[in-house]
Amino acid sequence: MPKVTVRYWAAAKAAAGIAEEPFDAATLAEALDAVRERHPGELTRVLRRCSFLVDG
29 MPKVTVRYWA AAKAAAGIAE EPFDAATLAE ALDAVRERHP GELTRVLRRC SFLVDG
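If you read the sequence shown in the numbering used here, its first letter stands for residue 29, the second for the next number, and so on.
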């Protein structure tokens, strides 16, 4: 499975407590599921209001 780097900005960075982290994910949906699993709570709420940039 491809490795992706999720970079957090502003409120998402504050909620995650880090600027970026790697995940194994083939799609944006898989990456977001992994983020939500690793960071339940505030980051999950912040992600509901976020935009996402994908560099293919």
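For glycine and all other residues, C-beta sits at the position ideal for the given N, C-alpha and C.
Option in the options with minimal Cα separation from residue i
{"i": "H67", "options": "A38, E49, V32 and K31", "result": "E49"}
{"i": "R77", "options": "M29, A38 and K31", "result": "A38"}
{"i": "L75", "options": "V63, V82 and V32", "result": "V63"}
Residue interval of the beta strand (DSSP E) (run including residue i)
{"i": "D83", "result": "Neither: D83 is in no beta strand (DSSP E) and is coded neither H nor E."}
{"i": "P50", "result": "E48 to D52"}
{"i": "T33", "result": "K31 to R35"}
Burial state of residue i (16 or more Cβ within 10 Å)
{"i": "A59", "result": "buried"}
Boundaries of the alpha helix (DSSP H) in which residue i is found, first to last residue
{"i": "T72", "result": "E70 to L75"}
Beta-carbon separation (whole angstroms), residue i vs residue j, contact threshold 8 Å
{"i": "A53", "j": "P30", "result": "7 Å"}
Mind the definition here: the segment 34–46 touches the segment 61–75 only if three or more C-beta pairs lie below 8 Å; say whether that holds.
-> Contact between the segment 34–46 and the segment 61–75 is present, with at least three C-beta pairs closer than 8 Å.
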